[in-house]
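Asker: Position one of the first sequence corresponds to residue 18 (the numbering used here), numbered consecutively onward.
By construction, the Cβ of each residue, glycine as well, lies at the ideal position given by its N, Cα and C atoms.
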Amino acid sequence: MPELPEVETVCRGLAGVLEGRRLARVLVRRKDLRIPFPPRFAESLTGRKVEKIRRRAKYMLLDLDDGNVLIVHLGMSGRMVVDSSGAPPAAHDHVIFTTDLGVEIRFNDPRRFGLMTLAPREGLEGHKLFRHLGPDPLTPAFTPAVLSAALKGRKTSIKVALLDQRIVVGVGNIYACESLYRAGISPLRKAGTIAGARAEKLVPAIKAVLSAAIAAGGSSLRDHVQPSGELGYFQHAWKVYGREGESCACLESQKVAKAGKAPLGRKGSSPKAAANKGKGVVRRITQAGRSTFYCAGCQT
DNA sequence: AACAAGACCTGCATGC
DNA sequence: TGCATGCAGGTCTTGT
């Protein structure tokens with residue numbers, strides 16, 4: 018489920034039920050998530066008050082009243098489900114928190130790529146999970162100059178580079194595709210060529226796509242992303258992701274432009290037209306083992 | 001150093 | 001119906 022907008026949405030949803038609350042009970046039902054739990058994890062958390070919920074990259078950070086931070090990553094399939102009904106645990110409910118008001122927050126993660134651990138708030142930026150991370154795209158620290166400096170000399174594709182959390186955090190497979198589409202940049206382009214005008218387009222495109230997704234409550238695929246159970250609806254705003262074979266908006270505008278000029282009728286298709294065949298249709302390719310969706314007509 | 005490929009794990013849709 | 005295959009929102013490790 019989670020790229021930056023989904024994690025942000027989950028943080029905001031959980032703030033209402035967790036901030037200022039004490040954890041009355043913590044139950045670990047399955048210990049083998051991506052990394053081992055620290056020793057006495059449940060005991061350390063029990064009785065602690067959650068002061069604040071923050072996000073760093075795709076991690077959720079719960080500041081506790083003992084100076085520690087509960088770090089949560091949702092992996093590919095993780096969810097935080099709020100339940101006040103006392104229903105029995107579902108399959109893949111690996112950790113269940115119960116607040117002092119009796120509300121349950123269940124960490125559910127079928128694939129178990131997620132993780133949960135504890136670390137001191139002091140010096141958190143130097144933690145193994147965080148020290149290599151690049152700038153958060155929604156902060157002023159993420160500028161075209163910063164991005165092009167990070168990409169300088171890199172021969173990998175811009176799509177693959179955007180997924181590299183050392184370059185910029187929070188952008189996953191969906192929003193990398195959507196950002197490149199919005200910026201009119203081909204996912205195949207070498208990362209090192211993103212500078213100047215291209216960086217000036219890409220950085221605002223990333224910020225705009227992520228902000229719009231947050232405003233929509235994230236994208237819901239198979240799961241609902243909000244702890245309230247509400248669905249995010251940004252998936253309806255995707256322009257290329259998951260749209261292989263569909264025509265891009267640029268196709269219509271091309272036709273309109275052509276109709277306006279309408280040169281003397283020329284039969285058959287010119288070599289140029291043949292080369293352009295299918296260019297206004299969304300393609301799917303594989304890069305670094307992941308699907309990339311783009312329009313070869315308007316992304317160069 | 002930078003990069004590609006493989007690994008981790010489960011569920012679901014598809015096609016035979 | 002059953003079975004095999006491929007695919008899915010992310011990172012981490014290994015080997016070149």
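Looking at the structure shown, is SER286 part of a helix, part of a strand, or coil, going by DSSP?
Answerer: The predicted model places SER286 with a pLDDT of 47, which falls under 50 and marks its position as unreliable, so this point remains unresolved.
Asker: Could you pull out every residue in the same chain whose Cβ sits closer than 7 Å to the Cβ of ALA158, ignoring the five residues on either side in sequence?
Answerer: Same-chain partners within the cutoff: PRO152.
Asker: Applying the 10 Å Cβ sphere with the 16-neighbour rule, what's the burial state of ILE97?
Answerer: Reading the sequence as shown, one finds Met at residue 97 and not Ile. Answer is buried; the Cβ neighbour count reaches 16.
Asker: Is GLY92 near the ligand NAD, going by C-beta to nearest heavy atom under 7 Å?
Answerer: Absence of the ligand NAD is noted for the structure shown, with no ligands found whatsoever.
Asker: Taking just the CA atoms, how far does GLY30 sit from LYS69?
Answerer: Rounded to whole angstroms, LYS69 to GLY30 spans 12 Å at the Cα level.
Asker: Alpha carbons only, please: which of VAL163, PRO137, PRO204, ARG183 is nearest the one belonging to GLY213?
Answerer: Out of VAL163, PRO137, PRO204, ARG183, VAL163 has the C-alpha closest to the C-alpha of GLY213.
Asker: According to DSSP, is SER264 part of a helix, a strand, or is it coil?
Answerer: In the structure shown, SER264 sits in a strand (DSSP, three-state: E or B).
Asker: Assign GLY295 to buried or exposed, taking buried as 16 or more other Cβ atoms, counted over all protein chains shown, within 10 Å of its Cβ.
Answerer: Exposed, since its Cβ has fewer than 16 Cβ neighbours within 10 Å.
Asker: Going straight from the alpha carbon of LEU79 to that of ASN85, what length do you get?
Answerer: So the two alpha carbons sit approximately 8 Å from each other.
Asker: Check the DSSP bridge columns for CYS312 and list the partner residues they point to.
Answerer: CYS312 is bridged to VAL299.
Asker: Closer than 7 Å by C-beta to GLN304: which residues in its own chain qualify, once you throw out the five before and the five after it? Chain order, please.
Answerer: For GLN304, where only same-chain residues beyond five positions count, the Cβ hits under 7 Å are SER174, LYS176, VAL177, PRO204.
Asker: If you draw a straight line from the C-alpha of ARG72 to the C-alpha of ILE302, how long is it?
Answerer: Taking the straight line joining both Cα atoms gives about 31 Å.
Asker: Consult DSSP for GLU36 and reduce its assignment to one of helix, strand or coil.
Answerer: Three-state result, GLU36: coil.
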